[in-house]
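Data block below; observations after.
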Amino acid sequence: MIDLSGVSKRFPNGTLALENINGHIGQGDFIALLGPSGCGKSTLLRLIAGLEQPSKGHIIWQDGSPRPGEIGFVFQDSTLMPWLSAADNVFLPLKLRGKNKAATKSQVITALDQVGLKDFAGSKPAALSGGMKMRVSIARALVTAPKVLLMDEPFAALDEFTRHKLQEDLRRLWRAEQKSIIFVTHSIYEAAFLATRVLVMSARPGRIAADIACSIGESEDRRIAPDYIALVKQLSDLLRAESLA
Amino acid sequence: MPVIFGIIGLCLWQGAIWITQTPAYVLPGPIAIVTAYFDDYGTLNAALLSTLTVTFAALLAATVLGVVLALVMAASDLARAAVQPWAVTLQVTPIVAIAPLIIIWVNQPFLALVVCATIVAFFPVLSNTAAGLAATPHDLLDLFRLNGATRLQTLLLLRLPAALPYFLAGLRIAGTLALVGAVVAEFVAGSGGFASGLAYRILEAGYRLEIPRMFAALVLLGFAGIAIYTALGLFSHLMLRRRDA
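As you go down the protein sequences, you meet chains A and B in turn. Take any residue in the first sequence, note its place counting from 1, add 13, and you have its number in my numbering. Take any residue in the second sequence, note its place counting from 1, add 21, and you have its number in my numbering.
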């Protein structure tokens, strides 16, 4: 689906954020980009989204460059417009593509239903909790049926309870839709719980230090599964080694 | 609480006048000021109306001018470089210095007063709106880019609504500045013999040593300033509450 070939990114101030990133993201992959703060995880996500251009290398979309709406992006903050209702926030990407509100109403409601907020369609963001705002943000990213969902530490600012709940919901959503997801996080536990593959990044300049496939069975309670605990240990060791390198 | 302090202050002021037997032409007490107002309320109210007419016309013009220039500045760096220095120059030039020229150049007295007051009042609207347009959250701008938004869509659906709180804060400052500009312009025009507004009545009362009447006009100006500031604050509050609630 997406091939990364020798991708590097140097900012105008001379900082080398990413160096020689190679890899392949397949259809239906749930990839966690894991690494310490400042290692270039978000930069890599922005490069994949086309919001920035690589200084070297190529990002190749095998089905051709994505058109507007074919990339769903969820930011660290919910970034909702406070003057729009939840439904209107979700409708926004469709509106920008010239879609009619009445004709896409069911699409908007379906997206809100996917994140469990159908009953809050008319609520303004000020009336929603942090977790609910993030759900609306996810619904907004899903409403255009994107090829790939890019998520930049979306749960980092949430409390532990809400984070766990949203992680479970996101995983359920991914299993139902089999959408490709690239999820940036600096939490080992989050990466191990969510992903089918974890790309461990080194400290700046960011490189892919390890590409680890996760094999935790879907039928198990993932947070206490032996494979999950082993994966957490493996990721911890890798990150420790990277931080000492 | 401010009302209680005001009443205490007025009582102390009147008491000091009685005790020290200060003549009214040096410092009139509150009772003399109120009496002077009721002796000449027709003229003073007409003058207040005239000043307020200039003030509101100038506020309207300042709002249109400030917003249009802010949009021009937001459109390109070249436009910003072209507009900003002149706007700042106009802001730092004392209106007292250029009002006589404006009154000569603009042959119509009312229009000349409005031009002077507009010059004083437009800068807060311009600078605040420009700051608001520049402070649009980057994540939302990225979201619009990912969904293929046009410049016009980004302006109308994102940048203008996001700049609203900044614009309203500027409008609140501009309201009182428009009053100050109107009064200054009336002083200059009044010195040249053009009878208009409260400033002219203050000049006239000063020439005739009718100090209580002069104070009555000053008090009316003070109340007008407070009323404008409060009304615009309330307007701002209602607008934002209606938008976000």
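No residue lacks a Cβ here, since even glycine has one placed at the ideal position from N, Cα and C.
Check the C-beta distance from A/Ala170 over to A/Asp101 and give it rounded, since I have them as a contact under 8 Å. Contact flag wrong, Cβ pair sits at about 23 Å.
To be precise: take each residue of the segment 156-174 of chain B, compare its Cβ to all Cβ atoms of chain A, and keep it if any distance is under 8 Å. Which residues remain? Pro158, Asp160, Leu161, Asp163, Leu164, Phe165, Arg166, Leu167, Asn168, Gly169, Ala170, Gln174
One question on the structure: do B/Gly218 and B/Ala203 come within less than 9 Å of each other, judged by their Cβ atoms? yes
In three-state terms, what does DSSP make of B/Leu178? helix
Using the C-alpha atoms, what's the distance from B/Val135 back to A/Leu107? 45 Å
State the DSSP-derived secondary structure class of A/Lys114, mapped to helix, strand or coil. coil
Look up A/Gly70 in the DSSP assignment and say whether it is helix, strand or coil. The answer is strand: DSSP assigns A/Gly70 an E or B state.
Assuming A/Ser21 contacts A/Gly70 (C-beta within less than 8 Å), just tell me the rounded distance between them. 6 Å
Should A/Arg110 be flagged as near chain B, meaning a C-beta pair shorter than 9 Å? yes
Determine the extent of the beta strand (DSSP E) in which A/His37 is found, giving its start and end residues. 29-38
Buried or exposed: which applies to B/Phe59, given that a residue is buried once 16 or more other Cβ atoms fall within 10 Å of its Cβ? exposed
Taking 6 Å as the limit between beta carbons, can you name the residues of its chain near A/Leu49, skipping five residues before and five after? Here residue 49 of chain A turns out to be Pro, not Leu, going by the sequence shown. Ala216, listed in sequence order.
For B/Val104, which three-state DSSP category applies? helix
What's the C-alpha gap between A/Pro236 and B/Leu179? Sequence inspection shows Arg at residue 236 of chain A; the Pro mentioned does not correspond to that position. Cα to Cα, the separation comes out at about 41 Å.
Run of the beta strand (DSSP E) containing A/Ala222, from where it starts to where it stops: Its beta strand (DSSP E) spans residues 221-226.
Cβ-based contacts, 9 Å cut-off: residues of the segment 169-197 of chain A near chain B: none
Closer than 7 Å by C-beta to B/Gln35: which residues in its own chain qualify, once you throw out the five before and the five after it? Chain order, please. Gly50, Pro51, Ile52
Report yes if the C-beta distance between A/Val103 and A/Val149 is below 9 Å; otherwise report no. yes
Report the neighbours of B/Leu264 on chain A: residues whose CB is nearer than 7 Å to its CB, in chain order. The sequence shown places Arg at residue 264 of chain B, rather than the Leu named in the question. Here the neighbours are Trp96.
Taking 9 Å as the CB-CB cut-off, is B/Ala237 touching chain A? no
According to the neighbour-count rule (16 or more other Cβ atoms, all chains shown, within 10 Å of its Cβ), is A/Val156 buried or exposed? buried
Given a cut-off of 9 Å, decide if B/Gly153 and B/Thr197 are closer than it, judged by their beta-carbon atoms. no
Using 9 Å as the limit for Cβ to Cβ distance, is A/Asp76 near chain B? no
Which of helix, strand or coil does DSSP assign to B/Gly50? coil
Please classify B/Leu33: is it buried, with 16 or more other beta-carbons within 10 angstroms of its beta-carbon, or exposed? exposed
Let me see if you follow: with CB-CB separation under 9 Å, is B/Ala183 close to chain A or not? yes
With 16 as the cutoff for other CB atoms within 10 Å, does B/Pro115 come out buried or exposed? exposed
When you compare only the Cα positions, how much space is there between A/Pro218 and A/Gln120? 41 Å
Output yes if chain B places a C-beta closer than 9 Å to the C-beta of A/Phe104; else output no. no
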